[in-house]
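Colleague: Okay, handing you the structure first.
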Amino acid sequence: MSNKLKIDLHVHTNFSKDGFSSINEIIKYAKNRGIDGIAITDHDVLINEKIIEKISNENNIIIIPGIEITTKYGHLILLKPNNLKNDFEELLKNEIIIIPHPLDPFSHGIGKKIIKKILYKKPLLEIRNSSTLPIYNKLAERLANKYELGVVGGSDAHIAYMVGTSYTIVEVEDKNINEILDAIKNGKTMAYGGFSLLNIKFFIEKYFKNRNLFYF
Ligand SMILES: [Zn+2]
Ligand SMILES: [Zn+2]
5 MSNKLKIDLH
15 VHTNFSKDGF
25 SSINEIIKYA
35 KNRGIDGIAI
45 TDHDVLINEK
55 IIEKISNENN
65 IIIIPGIEIT
75 TKYGHLILLK
85 PNNLKNDFEE
95 LLKNEIIIIP
105 HPLDPFSHGI
115 GKKIIKKILY
125 KKPLLEIRNS
135 STLPIYNKLA
145 ERLANKYELG
155 VVGGSDAHIA
165 YMVGTSYTIV
175 EVEDKNINEI
185 LDAIKNGKTM
195 AYGGFSLLNI
205 KFFIEKYFKN
215 RNLFYF
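So the sequence shown is numbered by this note's numbering: it starts at 5 and just counts up by one.
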């Protein structure tokens, strides 16, 4: 019997410069939302795979090691990468390439021109991102349909309460991480969620936090 797992494939911890929550806080929120797993995709930082595995086992939740890399063209998410050479072509040699918020120019979306050039790599498009405006999710979905690319969803959470507001359904026989990664790679996925109003709460909190820092 197959399992349909809910996985938020785009989560930032406080290992990201602009991330506010620890992995433990993130796990707590993910579990409360009924999320089966998360991919940790910190900005330009890859957390050690063994550490991730240990936290995953201790908390009985799937955690996929990943990274959101800032390339010369925009952001790129790699899951369980084995090649992090600082070169766009080299990065494309990794197994699972996700283009987050692909058409959002305000979030370093890679854009249509580059996507068209790398179609042969069968990148997955993130068509549900909780931090990008609905129009950009819609346009990304259209592009994925046009080029028959696999689709994913992820919250792009920078604070724990955003986790799971967008997610990917991955269908697997077994909850094993390699099978999950294979299913994602082969596009056996569906994307859910979209822009979350919790962003507004987050922006207000961030504003006051920074203001306090400024005054004291
Ligand atoms: Zn991004
Ligand atoms: Zn992100």
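Where is the CB? At the ideal position from N, CA and C, for every residue including glycine.
1. Do V15 and I44 have their C-beta atoms closer together than 8 Å?
2. Which one or two residues does DSSP pair with R132 in a beta bridge?
3. So for N86, helix, strand or coil by DSSP?
4. May I have the straight-line CA-CA distance separating K8 from A144, to the nearest angstrom?
5. Do I68 and L82 have their C-beta atoms within less than 8 Å of each other?
6. I want to check one thing, is the minimum distance from the CB of L109 to the heavy atoms of ligand 2 below 7 Å?
7. Strictly closer than 5 Å from CB to any heavy atom of ligand 2: give me those residues in the order they appear in the chain.
8. When you compare the CB positions of I65 and K35, do they come within less than 8 Å of one another, or not?
9. Tell me L9's beta-bridge partners as DSSP assigns them.
10. By a C-beta neighbour count over all protein chains shown, 10 Å radius and 16 as the cutoff for buried, is D178 buried or exposed?
11. How many angstroms separate the CA atom of Y124 from the CA atom of K189?
12. Does the Cβ of K76 have 16 or more other Cβ atoms within 10 Å, making it buried, or fewer, making it exposed?
13. Could you please give me the residues that DSSP links to D46 through a beta bridge?
14. Here's the rule: buried if 16 or more other CB atoms are within 10 angstroms of the residue's CB, otherwise exposed. What is E26?
15. If you run the structure through DSSP and keep just helix, strand and coil, what is I204?
Modeller: In this structure, then:
1. As a first step, residue 15 must be located in the sequence shown, where it is residue number 11. As a first step, residue 44 must be located in the sequence shown, where it is residue number 40. Contact: yes.
2. Within the sequence shown, numbered from 1, the residue matching residue 132 stands at position 128. Partner(s): G157.
3. Position 82 of the sequence shown, counted from the start, is the residue given in the question as residue 86. In the structure shown, N86 sits in coil (DSSP, three-state: anything other than H, G, I, E or B).
4. On the sequence shown, residue 8 is found 4 positions in, with the first residue counted as 1. On the sequence shown, residue 144 is found 140 positions in, with the first residue counted as 1. K8 and A144: Cα-Cα distance of roughly 23 Å.
5. As a first step, residue 68 must be located in the sequence shown, where it is residue number 64. As a first step, residue 82 must be located in the sequence shown, where it is residue number 78. No, the Cβ-Cβ distance between I68 and L82 is not below 8 Å.
6. Working through the sequence shown from its first residue, we reach residue 109 at position 105. The residue you asked about is not Leu; residue 109 is Pro in the sequence shown. No, Cβ of P109 sits at least 7 Å from all heavy atoms of ligand 2.
7. E72 and D160
8. Against the sequence shown, residue 65 aligns to sequence position 61. Against the sequence shown, residue 35 aligns to sequence position 31. Against a cut-off of 8 Å, the Cβ pair of K35 and I65 comes out as a contact.
9. Taking the first residue of the sequence shown as 1, we reach residue 9 at position 5. Its beta-bridge partners are V174.
10. For the purposes of this step, residue 178 is identified with residue 174 of the sequence shown, where counting begins at 1. Classification for D178: exposed.
11. Along the sequence shown, one-based indexing puts residue 124 at 120. Along the sequence shown, one-based indexing puts residue 189 at 185. Rounded to whole angstroms, Y124 to K189 spans 13 Å at the Cα level.
12. By 1-based counting over the sequence shown, the position of residue 76 is 72. Exposed: under 16 other Cβ atoms inside 10 Å.
13. Along the sequence shown, one-based indexing puts residue 46 at 42. Beta-bridge pairing by DSSP links D46 to I71.
14. Residue mapping note: residue 26 aligns to position 22 of the sequence shown, counting from 1. The question names Glu, yet the displayed sequence has Ser at residue 26. With fewer than 16 other Cβ atoms inside 10 Å of its own Cβ, S26 counts as exposed.
15. Along the sequence shown, read from residue 1 onward, the residue named residue 204 stands at position 200. It is helical.
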